[in-house]
Every structure is written in C-alpha cells, then in structure tokens.
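Below: one structure, written as structure tokens.
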Amino acid sequence: TIGTFVGLRGGDAFPVLVRKFEPRPLRVFLQDGSNDLNIYAGDWWQANQSMLSALTWAGYDVKHVWGEGGHNTKHSSAIMPDALRWLWRGYPDPIAVAPNRKVERRIDVLIPDSGWREVSPGHEMAEAPACNASGELFFCDSKAGRIYRVGDDGKTRIFADQTGRITSLAFGPNGNLWGCKDGKQIVQYNAEGKETVVIAETKCQSLVTLPNGIYINDQSTPALRWSSYEGVLKSALDLAEPVSAMTPTADQAFMHLLSATSQSTAHARIAADQTLEYRQLFGYLHLPYLRPNSGASAVVVDSEGRSYMATAAGIQVLDQLGRVHLILNSPTAGALNGLAFGGARRDTLYVTAGSSVYSRTLKAKGLATFEPPVEPPKPGL
74 TIGTFVGLRG
84 GDAFPVLVRK
94 FEPRPLRVFL
104 QDGSNDLNIY
114 AGDWWQANQS
124 MLSALTWAGY
134 DVKHVWGEGG
144 HNTKHSSAIM
154 PDALRWLWRG
164 YPDPIAVAPN
174 RKVERRIDVL
184 IPDSGWREVS
194 PGHEMAEAPA
204 CNASGELFFC
214 DSKAGRIYRV
224 GDDGKTRIFA
234 DQTGRITSLA
244 FGPNGNLWGC
254 KDGKQIVQYN
264 AEGKETVVIA
274 ETKCQSLVTL
284 PNGIYINDQS
294 TPALRWSSYE
304 GVLKSALDLA
314 EPVSAMTPTA
324 DQAFMHLLSA
334 TSQSTAHARI
344 AADQTLEYRQ
354 LFGYLHLPYL
364 RPNSGASAVV
374 VDSEGRSYMA
384 TAAGIQVLDQ
394 LGRVHLILNS
404 PTAGALNGLA
414 FGGARRDTLY
424 VTAGSSVYSR
434 TLKAKGLATF
444 EPPVEPPKPG
454 L
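The numbering of the sequence shown is this note's numbering, which starts it at 74 and goes up by one.
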C-alpha cells in the first residue's frame, strides 16, 4: 500500500536514513499513484519516488508499481496478490542483504560478510575498552571491580582485580594503562597490573591520553581538565553541560566533544598550553525514531580523519567535516558504552555494551590517541 514518507511523524527522514544505515535483510514493495495527496506535509507521489531511489541506491531488493490513482486502496487491492507472491518468493530461504549493491559509498568501511562477533560475554557491566600499542584489548567490569585482558589467543583473563569502580581506561605513551577510579582518582597500571595512584583527588568520569598528557572529564562540575603524566592539574575548559565522551582529531588539533543529550557534537581547538578554546557545534547526529536525545557515549577516530560515534541509533561514521556518511548497525539492542580500535592492524573495532564485548573488522585503520598525530588526507565533498 501507499507509503507515507512525508513530514508526518518524521516520515520524511526515512529516505535519507535508508541511504546512511548499514543495509539490512529486507525486501520492499512500493505502490503509489501520480494523483496521490500533495498537502501541507508534502507530496506523497514525489516522496515515494524518493524512497525508491534510496532503496535502489542502497542495493535493496525492491520492486515498485506506479499508477495514476489517488490516496486510496483501489490500486493496492488489485495488485496485492502479486505483491505478496513477490515478497514471499523463495521462502523459507533467508533474504540477502543488499543483493543489488553497485554504487560505492564515499565512505565505505564495510567488509562483505564481516559482521559483529561476541568477544567476551558474561560480565556484570563491561565498559571502558582500551587497546595498547600492539592492539591488545583491555576492558573493565565496573561492577565486579576487575580489569580484563583479551590475549592473542582470544581468551579473556583477569589483568587486575579488586580495582574499585573503573569508568574509563586509556593507554599512555609509557605503555601503562591509565584509568578513572571511583569517580575521584586517576590511577595507572603497569604491565603486571600493579596500581599506582597518580592524582589522589579529582572528580573524573572519563579520560583520554595524548602524547604529552591527559584530558580528564568531570561531568559533575562540569569541566574538562588537563594533567601532565606526573599529575600536575590545570583547567582546560569550563562547560555549561556535561560531556559524555571526547577524543582528539587525527591531527590532534581539535577535540571532539559529545553529549548524550544533544543532537550535535562540538569541536574545541587544542591550544599550545593544552587548554581547549573556540568551542563550537560541529557534527550533526541522527536520532532514533521519536527519541529526543542522541545517547552519544563514545568516540574514536581513524587515519582518514573519520570519527566513529556510539549513539542510540548505532555507530555513526562522520567525515572530517562532521557529516554522517554511514551508520553501522549495533551488535546488540542494549546501549553501547565504549569504543576502541585494536588488533594487529588496528582494523578491529571493539564495542562494550551491557554484559559483553563485541568486535568487527573494518576497512579502516584506527588511531591511538597516545601516539603522535597523523595528518589525514584533505576532505572532499
């Protein structure tokens, strides 16, 4: 029957989302007539053609039947038997994902038939993924008070026990693992998992390491602070609203700032004295249907300058100019809380969500923020 892809309850957004979301196993039949409604909410006839264009571009198995009718069921009733036969053909064989895909995306990091896999299940609360210089994955179970390490053999082992509540982990240039502990301390762990308190008293929920120091996120004040690796603190940026995640751009000239309650991301320039200046809105995120907030919770970048942002709608991939090109499907229906690039080639994207850790190989090379900056290629349209 006639699809309503006009400005009623957000239906006009769907053709764009079809183009941006990672394809799913769907088969679609469209029907409309050239004398359909053209009112305050939009033109049904034009909107259905826009949806057909989006589905075709994205490679879906799609068929359409156009007529000259109006906004009624006469045409659809006449063709319904044929439409159902076409939709159910081949049953019970599964529907292929984007079988007619021909057009290359400007940003195409997907590898065919390479989806998400569960790396480490069964935790109370898996979060704070971080990878060392060789690409090994570490993460914490914040409720159990443990930090885990996933070896080259794929097995998960305890790296540090009875750690308290760790909410963020990141490796530093010295090879040690840094973390926010109990919302009030900055600690580091050596290769044997031995803890050293570096800053005994500072409000902290998350951190990001750079070659010469650490940015600390205080969501309660809210504010961002800078610390040397020796523990010398100073203010970096006062905030009106809390930041949910942050990471530097590939060239470490700017800082990506995310907010779980905002549809926009922000940029702030990293000054020579490590303060953050000239903060302004930057990226535009897509929201889940009828949800007011992005739920942005984590961000990483790759060598091309692209940013990968964990949101309630999926993992949104933005270009250097802050435009969403692609939205990766989430590995689980639950909320995502952490991202990290790792693996020997840094082409594995790790995700923490609920009780599990997931991974996926991409056509991309992730960057480690504690390593020297990388100059990405010049952005295009």
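For glycine and all other residues, C-beta sits at the position ideal for the given N, C-alpha and C.
Q. Span of the alpha helix (DSSP H) holding A151?
A. It spans 147 to 160 - the alpha helix (DSSP H) in which A151 sits, taken as one unbroken run.
Q. Between D166 and R158, what straight-line distance do the alpha-carbon atoms span, to the nearest angstrom?
A. Rounded to whole angstroms, the separation of the alpha carbons of R158 and D166 is 14 Å.
(Q) Once the 5 residues before and after Q353 are set aside, which same chain residues still bring their CB inside 7 Å of it? (A) Correct list, in chain order: A339, H340.
Q. Which whole-angstrom value is the C-beta distance of S412 and A371, which I expect to be below 8 Å?
A. Here the sequence assigns Leu to residue 412, which means Ser is not the residue at that position. At roughly 4 Å, the Cβ-Cβ gap stays under 8 Å, so L412 and A371 are in contact.
Q.
In whole angstroms, give me the CA-to-CA distance for G415 and N285.
A. Computed Cα separation, rounded: 21 Å.
Q. Can you check whether the CB of A385 is closer than 7 Å to the CB of P365?
A. One thing to note: P365 has its Cβ no nearer than 7 Å to the Cβ of A385.
(Q) Among the candidates A369, N145, S241, P96, whose CA atom is the shortest distance from the CA of S335? (A) Relative to the Cα of S335, the nearest Cα in the group A369, N145, S241, P96 belongs to A369.
Q) Quick one: is the Cβ of K267 within less than 6 Å of any heavy atom of the ligand MG? A) Judged by which ligands are present, the structure shown has none, so any question about the ligand MG falls away.
Q: Express the C-alpha separation of H144 and G106 in angstroms, rounding to a whole number.
A: Computed Cα separation, rounded: 8 Å.
Q) Taking the beta strand (DSSP E) that Q347 falls in, what are its first and last residues? A) No beta strand (DSSP E) contains Q347, which DSSP labels as neither H nor E.
**Q.** Beta-carbon proximity list for I75, same chain, < 6 Å, skipping 5 on both sides
**A.** When the five nearest sequence neighbours on each side are left out, the beta carbons in the same chain lying within less than 6 Å of the beta carbon of I75 are those of D105, in order along the chain.
Q. Buried or exposed: which applies to E274, given that a residue is buried once 16 or more other Cβ atoms fall within 10 Å of its Cβ?
A. A residue is called buried once 16 or more other Cβ atoms fall within 10 Å of its Cβ, and E274, having fewer, is exposed.
Q) What did DSSP end up calling A371 once you bin it into helix, strand or coil? A) Shown here, A371 sits in a strand according to DSSP, grouped into three states.
Q: Return the chain-ordered ranges of every alpha helix (DSSP H) run that is complete within the stretch 250 to 275 and spans a minimum of 4 residues.
A: Here no run is fully enclosed.
Q) Thinking just about the alpha-carbon of each residue, which of L160, S332, L128 is nearest to the one in P88? A) Of the listed residues, the one whose Cα sits closest to P88 is L128.
Q: If I'm right that D134 touches I184 with Cβ under 8 Å, what's the distance once you round it to whole angstroms?
A: Not quite, the Cβ-Cβ distance comes to about 21 Å (not below 8 Å), so this is no contact.
(Q) Just to confirm before moving on: does the CB-CB distance between V192 and V430 stay below 7 Å? (A) Contact: yes.
Q: May I have a chain-ordered list of the alpha helix (DSSP H) segments no shorter than 4 residues that lie completely inside the stretch 268 to 320?
A: Correct list: empty.
Q: Would you please state the rounded distance, in angstroms, between the beta carbons of L125 and W117? I believe it to be under 8 Å.
A: About 13 Å separates the beta carbon of L125 from that of W117, a gap too long to meet the 8 Å contact definition.
Q. Which residues share a DSSP beta bridge with K136?
A. DSSP, once it has assigned bridges, lists F102 as partnering K136.
Q: Starting from A383, trace the beta strand (DSSP E) both ways and give me its first and last residue.
A: Looking at the DSSP string, the run of the beta strand (DSSP E) that includes A383 is 380 to 384.
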